[in-house]
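One point on numbering: in numbering that gives the first Met the number 0, the residue at position 69 of the sequence shown is 68, and numbering is uninterrupted.
Every residue gets a Cβ at the ideal spot worked out from N, C-alpha and C, and that includes glycine.
The model shown is predicted, which means the values in this text are computed figures rather than measured ones.
Written below as structure tokens is the structure these notes are about.
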Amino acid sequence: MDEDSSGTSYEVESSAKKAMAADRLAELALIDPKRAKRILANRQSAARSKERKTRYTGELEKKVQTLQNEATTLSAQITVLQRDSNGLTSENKELKLKLQAMEQQAHLRDGTILANRQSAARSKERKTRYTGELEKKVLTLQNEATALSAQITVLHSDQEVVEKKATNICCPSLCFSSDEDEDDDDDEESSK
0 MDEDSSGTSY EVESSAKKAM AADRLAELAL IDPKRAKRIL ANRQSAARSK ERKTRYTGEL
60 EKKVQTLQNE ATTLSAQITV LQRDSNGLTS ENKELKLKLQ AMEQQAHLRD GTILANRQSA
120 ARSKERKTRY TGELEKKVLT LQNEATALSA QITVLHSDQE VVEKKATNIC CPSLCFSSDE
180 DEDDDDDEES SK
């Protein structure tokens with residue numbers, strides 16, 4: 000047998016089983032209508048659960064994609080801020096060297112000492128203010144990145160829980176189990 004014919008025969012057998020299940024359900028409806036009604040209700044509930052699972056999984060995937068995009072954007076912003084920080088550090092070193100040169104010149108010229116000190120103080124103040132703002136931005140971005148990472152972890156965990164529940168709901172062996180098992184299932188569904 001080649002793969003096409005085996006696949007086709009499997010589909011025919013599968014549809015025959017479904018047809019037999021429908022016939023069997025019709026017979027069961029005549030013998031035990033309550034049980035037949037319960038089986039139909041379980042099938043409808045499983046279909047609704049599967050649809051909810053599919054919808055919820057799609058929503059989770061969209062959220063994950065959005066969070067990944069935000070994380071990428073924040074990562075790019077952090078890179079820019081780190082580059083700016085490195086530039087400021089380099090500029091700070093240059094300013095310190097200039098300050099030293101100015102201080103040496105100030106000693107040579109008494110009239111310029113005060114002006115050089117004021118310039119250095121302004122540079123320090125500007126550097127301190129800008130460095131503080133930069134550190135706040137970096138800290139904020141790091142906190143946002145940590146929060147996004149935690150959200151992604153929670154979303155993956157939620158997705159695993161949904162998949163486990165969907166597997167339990169869609170198990171076909173539960174449809175024709177004993178009456179006691181079905182009563183237990185009904186009790187579980189009503190408690191949810």
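query: Can you tell which of R82, L87 and Q141 has the C-alpha that lies nearest to the C-alpha of S122?
result: Considering only alpha carbons, the answer is L87.
- prompt: Does DSSP put R34 in a helix, in a strand, or in coil?
  reply: In the structure shown, the three-state DSSP call for R34 is helix.
Chain-order list of residues whose beta-carbon lies under 6 angstroms from that of L98 (same chain, five-residue window excluded): The answer, listed in chain order, is A119.
query: When DSSP labels each residue in this structure, what does R108 get in the three-state scheme?
result: The answer is coil: DSSP assigns R108 none of H, G, I, E or B.
- prompt: Going straight from the alpha carbon of A144 to that of V63, what length do you get?
  reply: Going from the Cα of A144 to the Cα of V63 covers about 14 angstroms.
S74 versus K126 - alpha carbon distance: Rounded to the nearest angstrom, the gap between the Cα atoms of S74 and K126 is 25 angstroms.
query: With V161 and K52 assumed to form a contact (beta carbons below 8 angstroms), what rounded beta-carbon distance in angstroms separates them?
result: Confirmed, about 6 angstroms.
task: Below 8 angstroms on the Cβ atoms is my guess for Q43 versus L140; work out the distance and round it to an integer in Å.
output: Between L140 and Q43 the Cβ distance is about 49 angstroms, and since that is not below 8 angstroms, they are no contact.
task: Use the C-beta contact count for I38: other C-beta atoms within 10 angstroms, 16 or more gives buried, fewer gives exposed.
output: Note on I38: 16 or more other CB atoms within 10 angstroms of its CB, so buried under the neighbour-count rule.
- request: Measure the C-alpha to C-alpha separation of A18 and D157 and round it to an integer number of angstroms.
  value: Confidence in A18 is poor, its pLDDT being 41 and thus under 50, which makes the residue's placement unreliable; the coordinate value appears in the next sentence. Roughly 36 angstroms separates the two Cα atoms.
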